[in-house]
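Numbering (the numbering used here), first residue to last: 1440 to 1878.
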């Protein structure tokens, strides 16, 4: 700088942008460096910070919009919907929690149940789908025609024909257990996870403070009790040995699956012919498993009122009391906990009934020649005395001479199942394997 300051003004000619000493042109405004910095703009770090803040703001606004949208949709299509139905000539408004066209998915039933547990009055409840492939609306169930199939200590069972012509079986349980929704739902979900060709499939359930319903597949050909003994005094068509063998093999497979492969390794606790439903091909379907636990929650006294009271006819309890002689000896002791060996014994009695054509049931009113109060002892006595097979086996099968060895093999399986000592009885898996070798 010192050498330039000694030069005269002429040394800086033709530089119009120069200013200051020794020129006569004074410098005005800020320096060139601030001007250059201003032209450069914001720093990269500041730009990134502003962009992130803008994005976060937009996302927050979007979440608020979505929340408000679903909140309003829930009010219009969710748990505020209602349905009117006449009960006994009076119009009663039912508050229903509708989800997915009246059927709530199984992913949310426990959470919703906690919210509704202990709440609501008459008629409030949820219809929960267990099987996602089975969809029907709640009002279809309300409008459907219903027919009483029967009543037992496990509730009343109805055949309900939906609007599309599809029949389902609806079991009405007791009206208790208002404060035990979570427990009830957990039990039903466990039952719904059991899927086997020889076990009745649970499709959905309905829960309300004064109404509990189980909706399952309808099996169209009655049950084994009817097939063996007839209906309403009418003789039943004779079952061939091959048909009987098919029935007992299928029942063994289903029961073995319950014991070995189901989520809770279920004990049925009430194996008998009336709980072995038959389809048109005489394939058996085990019903009523897991219900004893549900009955302990809801009670076993379904009322004639409740949510479905206007559409399901009420059936008075039967006056005829019968002793369940399908139960194992140890099962008749009060307070004993059910075991799988109970089921093995009951299965053996059912097999003996199929082979002999005689029922172990005993009525307080009367008995017939086809009823043997202690069927197991009667059969054992016959084999111990080496009685002719014709005196033990069902007379309708006597013409099937070719099946004699198969019938004897089945008798041996049945007698193993009905051993008095539960530790001596085989597992159902072994029973099923032994039966599969016959025929």
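Note that beta-carbon positions come from the ideal geometry of N, C-alpha and C, so glycine has one too.
Check, Outcome
"Nearest candidate by alpha-carbon position, reference residue 1596, set 1566, 1638, 1651, 1567", "1651"
"Spatial neighbours of residue 1839 in its chain, beta-carbon cut-off 6 Å, leaving aside the 5 residues before and after", "1680"
"Assigned exposure category for residue 1495 - 16 Cβ within 10 Å defines buried", "exposed"
"Straight-line Cα distance separating residue 1655 from residue 1642", "5 Å"
"Residues that residue 1646 bridges to, as DSSP identifies them", "1565, 1651"
"Cβ neighbours of residue 1770 in the same chain (closer than 6 Å, five flanking residues each side left out)", "1781"
"First and last residue of the uninterrupted alpha helix (DSSP H) at residue 1611", "No alpha helix (DSSP H) contains residue 1611, which is instead part of the beta strand (DSSP E) from 1606 to 1611."
"Residues near residue 1607 by beta carbon distance below 6 Å, same chain, minus five either side", "1599, 1654, 1657"
"Proximity winner among 1702, 1797, 1572, relative to residue 1665 (alpha-carbon distances)", "1797"
"Residue 1701 burial status per 10 Å Cβ neighbour count (16 or more: buried)", "buried"
"For residue 1630, the first and last residue of its enclosing alpha helix (DSSP H)", "1620 to 1631"
"Residue 1782, DSSP secondary structure in three states", "helix"
"Nearest-angstrom Cβ-Cβ length linking residue 1814 and residue 1788, presumed shorter than 8 Å", "6 Å"
"Bridge-paired residues (DSSP) for residue 1585", "1599"
"Proximity winner among 1864, 1711, 1688, 1502, relative to residue 1667 (alpha-carbon distances)", "1711"
"Outcome for residue 1539 when other beta-carbon atoms lying within 10 angstroms are tallied against a minimum of 16", "Confidence at residue 1539 is low in this model, with a pLDDT of 32, below 50, so its placement is unreliable and no value can be given for it."
"Residue 1725 - partner residues in DSSP beta bridges", "1638, 1715"
"Simplified DSSP assignment, three categories, for residue 1720", "coil"
"Contact set for residue 1821: own chain, Cβ-Cβ below 6 Å, skip 5 residues either direction", "1831"
"Selected residue, minimal CA-CA separation from residue 1869, among 1852, 1731, 1861", "1852"
"Contact belief for residue 1717 with residue 1723 at Cβ below 8 Å, rounded distance in angstroms", "6 Å"
"4-residue-minimum alpha helix (DSSP H) runs that sit fully inside the segment 1660 to 1710, ordered along the chain", "1663 to 1668, 1680 to 1699"
"Assigned exposure category for residue 1878 - 16 Cβ within 10 Å defines buried", "exposed"
"Three-way DSSP call (helix, strand, coil) for residue 1656 in this model", "strand"
"Assigned secondary structure, residue 1835 (DSSP; H/G/I helix, E/B strand, else coil)", "helix"
"Nonlocal neighbours in the same chain, by C-beta distance under 6 Å from residue 1863, ignoring five residues either side", "none"
"Cβ shell of residue 1875 (< 7 Å), same chain only, five flanking positions each side left out", "1688"
"Bridge-paired residues (DSSP) for residue 1590", "1595"
"Neighbourhood of residue 1836 by C-beta distance below 6 Å, restricted to the same chain and skipping five residues each side", "1680"
"Burial state of residue 1720 (16 or more Cβ within 10 Å)", "exposed"
"Reduced DSSP secondary structure (H/G/I, E/B, other) of residue 1455", "coil"
"Under the three-state DSSP convention, the category residue 1857 falls into", "coil"
"Residue 1570, DSSP secondary structure in three states", "coil"
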